Amino acid sequence: MSDDASYDLDAGPDPADYASATPEPACAGDDERVVHAVGVGPGNPEYLVPRAERAIGTADAIVGFETVVDLVRDRTDADCLTCGYRDEATALATFAERVADGQRGTAVLMGDPNHSGYQFVGKVERALDEATAGSIDLRVVPGVSSLQVAASRARTPMEDATFVTLHKSGDIGDDLSRLRRDAGERHLLVLPRPFDWMPGDVARDLLDHGCERSDVALVCERLTRDDEAITRTTVGDLASHAGGTGRSDTPFSDLSVLVVRR
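Following our numbering, the numbering of the sequence shown begins with -12 at its first residue and continues without gaps.
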């Protein structure tokens, strides 16, 4: 497995491209030689889908960021390999070696892997391919995402909205272009990036590209959890929180979804 320096996403390669290069192969019905990448939902255990819970409960080894693994630790007897950004390459290499030795493996991601999770999915898949010479299939088990919950709370139908995730490493220029293109024309659902593109920063940018100061904005934090909070405001007022790159520079959590109603 390559070290973290391989993932300088301003220069490439983007592991999300590795994950999305081809469709999943046809299902052979043999879970013994399959690793699952599952979404654990937005945080409340009632939002964990049964298929994901089964993959977690039957695993010998689980890998994921510590905050995600902590959500499912009491639902499995597996050996939990936790990581942060600095040591994820080491954890994934260890996980892949366990799978190569015959253990059943499951990777866990917050929410739904299809929403901001593809970079981690790509890193898991590449580690498995290197350790097993491509003999293990990785299958994604979708989950309930905070995005879906936010759309429900804000009553913004997904078919009438533009969704953009900024919650990833590397260049986000194309994603900002999509938001700017549809500002004022469609509902906007945005996963901000801690902490340089938080809700206030997005709002300030949208004011320059079609949104009105009076447009309704909702910042949905820690959705489905006991401390869920929703701030109902306007794009103009929200823009006053722009600026900064640290946790103390914003009043909002890193577990936030921004909704701007057209």
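Even glycine gets a Cβ: it sits at the ideal position worked out from N, Cα and C. A quick note: this is a predicted structure, and the numbers were derived from the prediction, not measured.
Euclidean distance between Cα positions of residue 229 and residue 127 | Locating residue 229 in the sequence shown gives position 242, where the first residue counts as 1. Locating residue 127 in the sequence shown gives position 140, where the first residue counts as 1. Straight-line Cα distance between these residues: approximately 35 Å.
Pick helix, strand or coil for residue 243, following the three-state DSSP scheme.
-> As a working note, residue 243 is residue 256 in the sequence shown. It is a strand residue.
Rounded to a whole number of angstroms, what is the C-alpha to C-alpha distance between residue 81 and residue 107?
-> Here residue 81 corresponds to residue number 94 of the sequence shown, with the count starting at 1. Here residue 107 corresponds to residue number 120 of the sequence shown, with the count starting at 1. If you take the alpha carbons of residue 81 and residue 107, they lie about 15 Å apart.
Is there contact here, the segment 124 to 142 with the segment 239 to 247, by at least three beta-carbon pairs under 8 Å?
-> Judged by Cβ distances under 8 Å, the segment 124 to 142 makes contact with the segment 239 to 247, as three or more pairs qualify.
Please state whether DSSP places residue 93 in a helix, a strand or coil.
-> Position 106 of the sequence shown, counting from 1, holds the residue named residue 93. Of the three classes helix, strand and coil, the one that applies to residue 93 here is strand, per DSSP.
If residue 133 and residue 225 are in contact, beta carbons under 8 Å, what's the gap, nearest whole angstrom?
-> For this step, residue 133 is matched to residue 146 along the sequence shown. For this step, residue 225 is matched to residue 238 along the sequence shown. Actually they do not touch by this definition, with Cβ atoms about 18 Å apart.
Would you check if the distance between the CB atom of residue 291 and the CB atom of residue 115 is smaller than 8 Å?
-> Given that the chain is displayed from residue -12 to residue 249, the structure contains no residue 291 and the question cannot be resolved.
Grab the span of the alpha helix (DSSP H) containing residue 162 for me, first residue to last.
-> What you label residue 162 is simply residue 175 of the sequence shown in a count that begins at 1. That run of the alpha helix (DSSP H) goes 160 to 169.
According to DSSP, which residues form a beta bridge with residue 28?
-> Locating residue 28 in the sequence shown gives position 41, where the first residue counts as 1. Its beta-bridge partners are 98.
How many Å lie between residue 119 and residue 113 at the Cα?
-> For the purposes of this step, residue 119 is identified with residue 132 of the sequence shown, where counting begins at 1. For the purposes of this step, residue 113 is identified with residue 126 of the sequence shown, where counting begins at 1. Residue 119 and residue 113: Cα-Cα distance of roughly 10 Å.
What are the boundary residues of the alpha helix (DSSP H) that residue 49 is part of?
-> Numbered from its first residue, the sequence shown carries residue 49 at position 62. It is not in any alpha helix (DSSP H) - residue 49 instead sits in the beta strand (DSSP E) that spans 48 to 52.
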